[in-house]
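Visitor: Okay, here's the structure, questions in a sec.
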Amino acid sequence: MNFTLDSYVATLILVVSLTYFAHSVLVSLPRDRHCYDDSLVVLGRLLRHYDFQIAIYTNNLALIDAVVYSTINAHHDYYITIVDTETKTIVSEHGTLKLSSYLVSVTLPGWNGALKPRTLCFRVGVRG
Amino acid sequence: MEYTLDAVISFTLFASTLAISLMLVTNLTILTLNELTPPVSLWSELVFPTSLEVVSVEGDYIIKSLKRCLVTYVIIEPEGRYYVGHGITPLKVVAKPGSWIIAFTYTSVSIKRGVPIHGQMIVSMYGVTTKEPISPYVIINGSNYEVVPRISDSLKGIPAKDLTYSVYNNTVVLKVRG
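Here the protein sequences line up with chains A and B, keeping their order. Our numbering puts the last residue of the first sequence at 165; the count rises by one with no breaks. Our numbering puts the last residue of the second sequence at 198; the count rises by one with no breaks.
What follows is the structure in structure tokens.
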């Protein structure tokens, strides 16, 4: 059997096209449409409350714990790191260390020079 | 191997036509699947993330939770006066037996019934209001009450891994995998 370059090119085009087609169909298959990033949801809500921001700026870990557990389930764990945005140093970290990867982060802008910007890195341990 | 202009043009036409055809087929397939398949929901019910409890101990009341958490409480006395306070659980509160005690976290509510109230009263963690407040809140009608958002507050027997956080009616809730 004698293959020419034409046949190789045609086969390649067909394979690439069919792969793209199959991938597109598989991606579009219906699946869970209620997928939320848990950590982002929880951190977003925590930041709406002054108690949490006061706890961050006073480095009151007990209050951080109490505020976080007023939002999350008692059987879930969490991890939070507070970073000084200007000096890039960790001010404090709290929670379960095994959750210290895949963190969501947000930066508090500070206020009028009196409160320095702080970056919060957070993860709630729903699935691990 | 030598390619003529004809061959190049025909190759280009073939590749373009194939690409356009596959794009059309893909889009039509996606459209059909979306129309035919109802939205899939893996979640069977919504529950509050934290479970507060108001218990009576030797004439006083204690607001308890599994882990220490920040709680705000509203005490409505039989005469109609109300007080708002907050603290960290377990929290001891002083109230008359006929008083309503409503304990809030940012995400859940626990209620100790009191004597029936005349008319309707809307209570949130920020106090008693006449307009719809920020949820969660409680609408008291006589001796009955309704918690808004109206969701279950029982997490008994549900594995922690079968939960995911969401925002429902302005309140953080947990969705239980069905």
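For each residue, glycine too, the CB sits at the ideal point set by N, CA and C.
(1) On the criterion of 16 or more Cβ atoms from any shown chain inside 10 Å, does W120(B) qualify as buried, or is it exposed?
(2) Could you tell me whether any Cβ in chain B is nearer than 8 Å to the Cβ of N110(A)?
(3) For F68(B), report the span of its alpha helix (DSSP H) as first-last.
(4) Tell whether a beta-carbon distance below 8 Å holds between K176(B) and T184(B).
(5) How about T144(A) and P69(B): do their beta carbons lie closer than 8 Å?
(6) Decide yes or no for the touch test of the region 122–139 of chain A against the region 42–57 of chain B: beta carbon pairs closer than 8 Å, at least 3 of them.
(7) How far does the beta strand (DSSP E) with V135(B) in it reach, from first residue to last?
(8) Which residues in the same chain as I159(B) place their Cβ atom closer than 7 Å to its Cβ, once the five residues preceding and following it in sequence are excluded?
(9) One question on the structure: do T156(A) and V105(A) come within less than 8 Å of each other, judged by their Cβ atoms?
(10) Exposed or buried, which one is K125(A) when buried takes at least 16 other CB atoms within 10 Å?
(11) Of the residues K181(B), P179(B), R170(B), T125(B), which one's Cα is nearest the Cα of Y188(B)?
(12) By DSSP, does I171(B) sit in helix, in strand, or in coil?
(13) Beta-carbon within less than 6 Å of A35(B)'s beta-carbon, same chain only, minus the 5 sequence neighbours each way: which residues are those?
(14) Is the beta carbon of Y81(B) sitting closer than 8 Å to the one on R82(A)?
(15) Can you tell which of V64(A), L49(A), L134(A), L100(A) has the C-alpha that lies nearest to the C-alpha of R160(A)?
(16) How long is the line joining the alpha carbons of I154(B) and G105(B), rounded to whole angstroms?
(17) What would DSSP say about L136(A), mapped onto helix, strand or coil?
(18) Which first and last residues belong to the beta strand (DSSP E) in which R160(A) is found?
(19) So, helix, strand or coil for M43(B), using DSSP?
(20) Which residue's Cα is closest to the Cα of C158(A): H131(A), S54(A), L42(A)?
(21) Say whether chain A places a C-beta atom closer than 8 Å to the C-beta of V94(B).
(22) Determine, using beta carbons only, whether Y87(B) comes closer than 8 Å to chain A.
(23) State the Cα-Cα distance for the pair N47(B) and A59(A), rounded to the nearest angstrom.
(24) Count the other CB atoms, across all protein chains shown, that sit within 10 Å of the CB of V78(A); report buried if there are 16 or more and exposed otherwise.
Guide: A quick look at the data gives this:
(1) buried
(2) yes
(3) It is not in any alpha helix (DSSP H) - F68(B) carries neither H nor E in the DSSP assignment.
(4) no
(5) no
(6) no
(7) Where V135(B) is concerned, there is no enclosing beta strand (DSSP E), given that its DSSP letter is neither H nor E.
(8) Q140, I142, Y165, E166, V168
(9) no
(10) exposed
(11) R170(B)
(12) coil
(13) none
(14) no
(15) L134(A)
(16) 17 Å
(17) helix
(18) 155–162
(19) helix
(20) H131(A)
(21) no
(22) Just to set this straight, residue 87(B) is Lys in the shown sequence, not Tyr. Answer yes: the Cβ-Cβ gap between K87(B) and chain A drops below 8 Å somewhere.
(23) 12 Å
(24) buried
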